[in-house]
Amino acid sequence: MKDIRELSFNEISDFLLQYGEKKFRAKQIYEWLWRKGIGSFSEMNNIGQQVQQLLNDNFTFHRASIDVEHKSSDKTTKFGFRLHDNKMIEGVLIPTKERVTACVSTQVGCAMHCAFCATGQMGFIRNLHYSEIFDQYILLNHKSIEYFGQGITNIVYMGMGEPLLNFANVMKSIDLLTTKDGIGLSPQRITLSTAGIIEGIRKLADLDFRPGLAISLHSADPKKRIHIMPVTEHNPLDKLQEAIKYYHEKTGERITFEYLLLNGINDSLRDAEILASYCRPFPVKINLIEFNATDSPFQRSSEENVQKFIQFLESRNMVVNLRRSRGKDIAAACGQLIKNFPSDKGGNSVPLFVLLL
Ligand code: SAH
């Protein structure tokens with residue numbers, strides 16, 4: 003049986019007409035699905051028992067559910083979602099004074115194999131359907147209201163997975179979250195983070211309507227980057243730079259780079275210099291990220307190196323932010339997703355390769 007949320011508005015409409023139902027029913031059903039974000043046919047309380055039954059007899063309703071949750075001492079809360087096929091993914095709520103940011107997953111596992119990331123070590127299992135990304139928002143939004151007294155203000159596609167390798171579902175989920183017929187959020191409040199998939203960045207640049215883009219760079223030195231981010235092999239840094247240039251020319255936007263500081267790996271002044279020269283063709287903002295412990299040989303940079311790195315970039319007139327991580331005590335911080343969840347297996351595996359730098 004097909005899942006009801008596979009159907010477009012017109013398909014729902016055609017289905018109902020076939021059974022002699024009125025067209026406005028399709029609108030009601032579509033609203034229940036995508037504006038109100040309900041999770042079962044029985045919640046559609048203005049369409050009558052008979053139509054509910056008709057839907058129930060003809061379609062499934064694959065709704066994700068919250069299975070586990072861990073609250074950090076800083077109130078960051080990590081949720082484990084169970085999908086209809088029992089696969090698990092994770093999402094995180096990060097409250098600050100004025101906002102609540104939701105971090106959502108786009109794939110079960112990840113194919114990128116970044117050496118420093120826990121999700122990378124579990125490998126790729128499958129893409130998420132757009133309704134599964136949408137469900138994370140809906141369920142997290144309920145929790146946000148319950149715990150923090152306000153709904154989600156910002157969404158980052160920075161959980162498990164590589165969003166640009168699940169392009170169609172990611173874009174469809176953003177469409178449903180931003181359209182007036184759906185949740186109606188502003189696309190400016192949504193940011194997508196990529197390990198640097200060139201084709202995806204170009205595709206994104208060509209869209210009229212797009213979320214914010216952040217690129218996980220972590221090193222601008224090709225020899226180093228390929229060791230920590232194997233994605234570099236098929237998405238080399240020079241070609242990535244061209245794609246980013248294209249993105250900037252098309253959109254006029256400043257480029258956000260995430261740069262994880264790893265002790266002795268990418269945190270020297272020479273690394274900062276290579277980064278600065280890589281960024282020359284476009285305006286950038288560099289978000290320096292503290293390393294969060296995973297089962298990998300890496301360590302966080304010393305405070306001294308961090309400060310020197312920042313000073314160097316600032317001396318080149320670059321915009322730099324140091325991002326202190328949150329949710330570390332519950333393994334909800336960047337790169338820690340899938341670690342220490344009681345229900346998952348394989349999250350604490352040994353790194354796939356030892357660095358030879
Ligand atoms: N695949 C996407 C989105 C998921 S990762 C991407 O690569 O951007 C979200 C961010 O967390 C990325 O910048 C990633 O490089 C970073 N990250 C991964 N492991 C980390 C760790 N152990 N500590 C801190 N940040 C990490």
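If you're matching positions, the sequence shown starts at 3 in my numbering and goes up one per residue.
Backbone N, C-alpha and C define an ideal beta-carbon position, used for all residues, glycine too.
Residue i versus the options, residue with shortest Cα-Cα distance
{"i": "C336", "options": "N294, V321, Q313", "result": "N294"}
{"i": "L187", "options": "E71, F211, L277, C112", "result": "F211"}
{"i": "V158", "options": "I140, G93, D208", "result": "G93"}
{"i": "S67", "options": "L142, L264, I276", "result": "L142"}
{"i": "G50", "options": "Q30, F63, R37, H64", "result": "Q30"}
{"i": "C119", "options": "V308, R302, N265, S298", "result": "S298"}
{"i": "I257", "options": "A197, I192, L215, I276", "result": "L215"}
{"i": "L56", "options": "G22, N168, H86", "result": "G22"}
{"i": "I185", "options": "L263, R326, I140, I228", "result": "I140"}
{"i": "G122", "options": "M160, A274, P97", "result": "M160"}
{"i": "V427", "options": "I288, H131, S327, K145", "result": "Lying outside 3 to 359, the shown extent of the chain, residue 427 is not represented and no answer is given."}
{"i": "Q309", "options": "L290, G202, G329", "result": "L290"}
{"i": "I192", "options": "Q338, H236, V106", "result": "V106"}
{"i": "N129", "options": "E148, D269, D177, G111", "result": "G111"}
{"i": "I199", "options": "R326, L85, A117, E244", "result": "E244"}
{"i": "N88", "options": "E13, E235, I127, S317", "result": "I127"}
{"i": "D269", "options": "R302, L239, F43, A104", "result": "R302"}
{"i": "R318", "options": "R325, N307, P285", "result": "P285"}
{"i": "N237", "options": "Q152, L324, M114", "result": "M114"}
{"i": "N168", "options": "F63, L194, T296", "result": "L194"}
{"i": "R65", "options": "Q52, V53, N58, L85", "result": "L85"}
{"i": "D240", "options": "K77, Y280, I176, S10", "result": "Y280"}
{"i": "L262", "options": "L324, M162, H229, L166", "result": "L324"}
{"i": "E292", "options": "S327, Q109, A278, R272", "result": "S327"}
{"i": "T78", "options": "V102, K182, L178", "result": "V102"}
{"i": "T108", "options": "M173, E316, T296", "result": "M173"}
{"i": "N60", "options": "F17, Y149, I228", "result": "F17"}
{"i": "Q338", "options": "L242, I217, T296", "result": "T296"}
{"i": "K205", "options": "L166, G254, S175, K182", "result": "L166"}
{"i": "L95", "options": "L242, E148, K25, S175", "result": "E148"}
{"i": "M90", "options": "N58, A117, D331, M124", "result": "M124"}
{"i": "D331", "options": "Q52, L19, G41, K73", "result": "K73"}
{"i": "Q190", "options": "F150, E235, E255, M162", "result": "E255"}
Whole-Å CB distance - residue i paired with residue j, under 8 Å assumed
{"i": "L219", "j": "E260", "result": "7 Å"}
{"i": "I267", "j": "F300", "result": "7 Å"}
{"i": "I312", "j": "V321", "result": "The pair is not a contact, with the Cβ atoms about 11 Å apart (cut-off 8 Å)."}
{"i": "Y249", "j": "A222", "result": "With a Cβ gap of about 17 Å, Y249 and A222 do not count as contacting."}
{"i": "P213", "j": "K247", "result": "With 8 Å as the limit, P213 and K247 do not qualify as a contact, their Cβ atoms being about 20 Å apart."}
{"i": "M231", "j": "A197", "result": "6 Å"}
{"i": "N171", "j": "Y132", "result": "4 Å"}
{"i": "K80", "j": "G329", "result": "6 Å"}
{"i": "W34", "j": "E45", "result": "7 Å"}
{"i": "F63", "j": "F43", "result": "6 Å"}
{"i": "A104", "j": "I154", "result": "5 Å"}
Residue burial classification, residue i (beta-carbon count within 10 angstroms, cutoff 16)
{"i": "G348", "result": "Because G348 sits at a pLDDT of 34, beneath the cut-off of 50, its placement in the model cannot be relied upon, and the point is left open."}
{"i": "L304", "result": "First, the residue type needs correcting, since residue 304 is Ser and not Leu in the sequence shown. With fewer than 16 Cβ atoms within 10 Å of its Cβ, S304 is classed as exposed."}
{"i": "K226", "result": "buried"}
{"i": "R27", "result": "buried"}
{"i": "G39", "result": "buried"}
{"i": "L354", "result": "Confidence at L354 is low in this model, with a pLDDT of 25, below 50, so its placement is unreliable and the value that follows should be read with caution. Its Cβ having fewer than 16 others within 10 Å, L354 is exposed."}
{"i": "E164", "result": "buried"}
{"i": "K4", "result": "exposed"}
{"i": "S75", "result": "exposed"}
{"i": "D137", "result": "buried"}
{"i": "P224", "result": "exposed"}
{"i": "L358", "result": "Any reading at L358 must be qualified, since the residue scores a pLDDT of 25, below 50, and its modelled position is unreliable; no value is offered."}
{"i": "V356", "result": "Residue confidence is low: V356 scores 24 on pLDDT, short of 50, so the model does not pin down where it sits. Its coordinate-derived value is still stated next. It is exposed - the Cβ of V356 has fewer than 16 other Cβ atoms within 10 Å."}
{"i": "P344", "result": "Residue placement at P344 is flagged as unreliable, the pLDDT there being 43, under the threshold of 50; a coordinate-derived value is accordingly withheld."}
{"i": "P97", "result": "buried"}
{"i": "I288", "result": "buried"}
{"i": "R7", "result": "buried"}
{"i": "G202", "result": "buried"}
{"i": "N47", "result": "exposed"}
{"i": "E134", "result": "buried"}
{"i": "S15", "result": "buried"}
{"i": "Q152", "result": "exposed"}
{"i": "L179", "result": "buried"}
{"i": "L264", "result": "buried"}
{"i": "L277", "result": "buried"}
{"i": "S351", "result": "Since pLDDT at S351 reaches only 28, below the 50 mark, its modelled position is unreliable, and the value read off the structure follows with that caveat. With fewer than 16 Cβ atoms within 10 Å of its Cβ, S351 is classed as exposed."}
{"i": "L242", "result": "buried"}
is_contact[residue i, chain D] using C-beta, thresh 8 Å
{"i": "E201", "result": "Among the protein chains of the structure shown there is no chain D, as only one such chain exists."}
I'd like the ranges of any alpha helix (DSSP H) spanning at least 4 consecutive residues and lying wholly in the region 103-179. Here the runs fully enclosed are 120-124, 132-150.
Please go through the region 255-319 and give each complete alpha helix (DSSP H) segment of 4 or more residues, from N-terminal end onward. 271-280, 305-317
Report the start-end ranges of each beta strand (DSSP E) in the region 180-217 that is 3 residues or longer and not cut off at the edges. 192-196
Could you give the uninterrupted runs of the beta strand (DSSP E) lying entirely in the region 26-88, keeping only those of 3 residues or more? Here the runs fully enclosed are 67-73, 79-84.
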